[in-house]
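**Q**
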Amino acid sequence: MDHTSPRLRAFLSEPIGEKDVVWVDGVSHELAINLVTKGFNKAYILLGQFLLMHKNEAEFQKWLICCCGATEYEAQESSNCLKEWCSCFL
Numbered sequence: 004m005d006h007t008s009p010r011l012r013a014f015l016s017e018p019i020g021e022k023d024v025v026w027v028d029g030v031s032h033e034l035a036i037n038l039v040t041k042g043f044n045k046a047y048i049l050l051g052q053f054l055l056m057h058k059n060e061a062e063f064q065k066w067l068i069c070c071c072g073a074t075e076y077e078a079q080e081s082s083n084c085l086k087e088w089c090s091c092f093l
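Using our numbering, the first residue of the sequence shown is number 4, and each one after it goes up by one.
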């Protein structure tokens, strides 16, 4: 059974391009505001941070929680979304 959310399916359906960070599955409106404030206004910029952390989900999640105010759920969903995108497009 496929447990992929509609939002994740939409994100994975095409290249990131110029999508705003709020398109990343797991990024709530509140988290998006925090990310934009820190300069992560585009999904590709957040993906860059994930890649700088060598696609280490635990490290990325810790960073999202500690530095950006993400909940544990948001951090898990966001890192999974970026990991899945990398699997599809890299």
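Heads up, the beta-carbon is just placed ideally off N, CA and C, and yes, glycines get one too.
Would you mind giving the Cβ-Cβ distance between GLU21 and LYS41, rounded to the nearest angstrom? I have them listed as a contact below 8 Å.
**A** Along the sequence shown, one-based indexing puts residue 21 at 18. Along the sequence shown, one-based indexing puts residue 41 at 38. That pair is no contact at about 19 Å.
**Q** What does DSSP give as the partner residues of LYS45 in its beta bridges?
**A** Along the sequence shown, read from residue 1 onward, the residue named residue 45 stands at position 42. BP columns for LYS45 point to ASP23.
**Q** With a threshold of 16 other CB atoms inside 10 Å of the CB of ASP28, please say whether the residue is buried or exposed.
**A** Translated into the one-based positions of the sequence shown, residue 28 becomes position 25. Result: buried.
**Q** Which of the three DSSP states, helix, strand or coil, is assigned to LYS65?
**A** Along the sequence shown, read from residue 1 onward, the residue named residue 65 stands at position 62. Helix, per DSSP.
**Q** Apart from the five residues just before and just after SER90, which ones in its own chain have a Cβ nearer than 7 Å to its Cβ?
**A** The sequence position of residue 90 within the sequence shown is 87, counting from 1. Cβ neighbours of SER90 beyond the five flanking positions: none.
**Q** Measuring alpha carbon to alpha carbon, tell me which residue in SER31, LEU55, GLU87 is nearest CYS71.
**A** On the sequence shown, position 68 is the one that residue 71 refers to. Taking only the C-alpha atoms, the option nearest CYS71 is SER31.
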